[in-house]
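The next block holds one structure in the form of structure tokens; read it before the comments.
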Amino acid sequence: MSYTRVLRCRKCGQEYPIKPMNLCELCLSPLEVTYDYQAMRGAVSREKFASGPISMWRYKDLLPVEDDVIDIGTGYTPLTKATNLGKELGLEQLYIKNDGVNPTYSFKDRPVSTGVTKAREFGFKAVACASTGNLAASVAAHAAKARMKAYVFVPSNTEPGKLVGAAIYGPTLVVVKGSYDDVNRLCSTLAQRYKWGFININLRPYYAEGSKTLAYEVVEQLGWRAPDCVVYPVGSGLSFTRIWKGLGELAMLGLTGPVNTHMYLVQAAGASPIVNAFQSGSQHVNPVIPNTVATSIAMGNPADGYYALKIARESEGGACAVTDEELIAGMKLLAQTEGIFAEATGGAVIASLKKLAAAGTIKKDQVTVAYITGAGPRSQEVVSDIVKPFVVEPNLESFEKVLGNEITK
Ligand SMILES: *Cc1c(COP(=O)(O)O)cnc(C)c1O
Ligand SMILES: [Zn+2]
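Here is the structure:
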């Protein structure tokens with residue numbers, strides 16, 4: 080049983096029944112799932128969530144799915160207090176939400192869980208996606224669990240590790256000679272031609288909703304309190320908008336007080352069209368050609384950029400871009416203070432956090448959550464220079480000679 084009502088256009092408000100579609104027929108703006116919050120109010124409670132499964136599905140009442148869901152163990156990832164990193168940056172209430180420990184090593188398992196569940200409900204025999212790598216792995220894994228056929232499309236610059244990470248689940252893997260934006264264009268054409276559930280195209284409104292659990296979990300883990308500041312990496316901007324929606328829903332349902340969260344979005348300087356718009360005071364996100372090692376967020380023409388920008392402004396948050404050099408330093412800093420190996424995207428979050436704290440924008444006593452959305456083994460190439468081992472003969476003399484002053488006495 081679900082509280083899902085209709086799809087509604089974010090711009091003109093036109094409503095459509097629950098079916099596979101993502102753009103308004105009148106104004107071509109994105110559609111969003113709406114719910115019967117009145118009915119939901121009586122049914123949900125903190126206690127009910129707490130007694131649910133230890134996964135994102137404890138919040139099923141707030142998601143657009145029926146009872147039979149595809150569960151590969153996604154969500155309920157750790158929220159750890161980052162005392163060491165906090166000391167380095169001068170923040171006393173810093174938390175890391177580590178979504179790199181999801182089944183396919185990124186937060187994408189959340190939206191894909193709702194997207195593929197919906198694809199099966201709609202009766203699709205095949206699912207598909209346009210991906211920079213992480214989404215491909217997640218869609219392939221969920222399709223395997225659902226015993227559905229998967230077609231996953233990635234650009235030709237995708238790291239070898241991400242190709243293996245998708246191929247292992249047995250999808251039809253297609254490498255497109257071009258950038259992510261080219262992959263996306265090709266997939267939009269294919270979505271009109273074949274009866275496939277394209278997770279981030281014709282199923283996008285349902286896919287989007289799974290990311291609300293990024294907000295629900297953090298609020299529950301903080302003891303039913305919304306954070307003062309959120310720092311989150313954006314590619315298309317979609318998941319950033321759903322964290323905001325999730326926070327708003329909890330307040331509307333009376334599960335938290337009013338939301339005063341400042342939303343900070345992060346991009347890599349080599350692909351920062353939303354940050355550019357924020358800084359220039361513009362409402363319009365001008366496309367760029369991406370060039371960064373943070374491939375998961377290397378999107379030149381972000382589909383939800385306009386809405387992400389609006390939330391960064393309305394929440395009195397901000398937008399921050401960091402260079403590849405800075406984000407690689409961010410990866411090392413996080414690993415060496417908190418023992419968490421994040422992918423390059425996570426390095427961008429930490430490097431941005433450092434800037435925001437140094438500038439006094441994020442204050443030391445604000446409860447701040449930095450989201451790590453993907454795990455480091457996916458970005459090994461960018462930090463491979465870190466490996467500088469001492470090479471010794473298998474005897475004591477050699478060990479002491481080679482290590483010298485490195486030996487703690
Ligand atoms: C996809 C992705 C993002 C960005 O998500 P959007 O919703 O497209 O903005 C951030 N981090 C990682 C690791 C991702 O895979
Ligand atoms: Zn419309």
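Sequence positions in the sequence shown follow my numbering and run 80 to 488.
Note that CB positions come from ideal geometry on N, CA and C, so glycine has one too.
Nothing here was measured: the structure is a model prediction, and the numbers come from that model.
With contacts defined as CB atoms closer than 9 Å, residue 294 and residue 321 qualify as a contacting pair.
For residue 266, the number of other beta carbons within 10 angstroms of its own is at least 16, and it is reported as buried.
Residue 391 and residue 343 do touch by the CB rule: their CB atoms are close to 7 Å apart, below 8 Å.
In chain order, 112, 142, 143, 193, 321 place their CB closer than 7 Å to the CB of residue 288, counting only its own chain and leaving out the 5 sequence neighbours on each side. When the five nearest sequence neighbours on each side are left out, the beta carbons in the same chain lying within less than 7 Å of the beta carbon of residue 122 are those of 140, in order along the chain.
Secondary structure at residue 185: strand, using DSSP grouped into helix, strand and coil. In chain order, the residues positioned with their C-beta nearer than 6 Å to some heavy atom of ligand 2 are 88, 90, 91, 93, 103, 105, 106, 108.
Here residue 346 is buried: its Cβ has 16 or more other Cβ atoms, across all protein chains shown, within 10 Å. Of 257, 292, 312, the smallest CA-CA separation from residue 328 is found for 292.
Within the chosen limit of 8 Å, ligand 1 reaches the beta carbon of residue 319 through at least one heavy atom. Between the beta-carbon of residue 332 and that of residue 119 there is about 7 Å, and that keeps the pair under the 8 Å contact cut.
The alpha-carbon of residue 116 is positioned some 7 Å away from that of residue 82. Per DSSP, reduced to three states, the secondary structure at residue 352 is helical.
Shortest gap from the CB of residue 277 to any heavy atom of ligand 1: 8 Å or more. Under the three-state reduction of DSSP, residue 484 is assigned to helix.
About 10 Å separates the beta carbon of residue 278 from that of residue 270, a gap too long to meet the 8 Å contact definition. Closest in alpha carbon position to residue 84, among 98, 484, 261, is 98. Setting aside the 5 residues that flank it on each side, residue 149 is surrounded in the same chain by 192, 195, 196, 199, 221, 224, 225, each with a C-beta closer than 8 Å to its C-beta; the list follows chain order. Residue state for residue 85 is assigned as strand, using DSSP reduced to three classes.
With a cut-off of 8 Å, the C-beta of residue 387 is classified as near ligand 1, since at least one heavy atom of the ligand falls inside that distance. Under the three-state reduction of DSSP output, residue 94 falls in the strand class.
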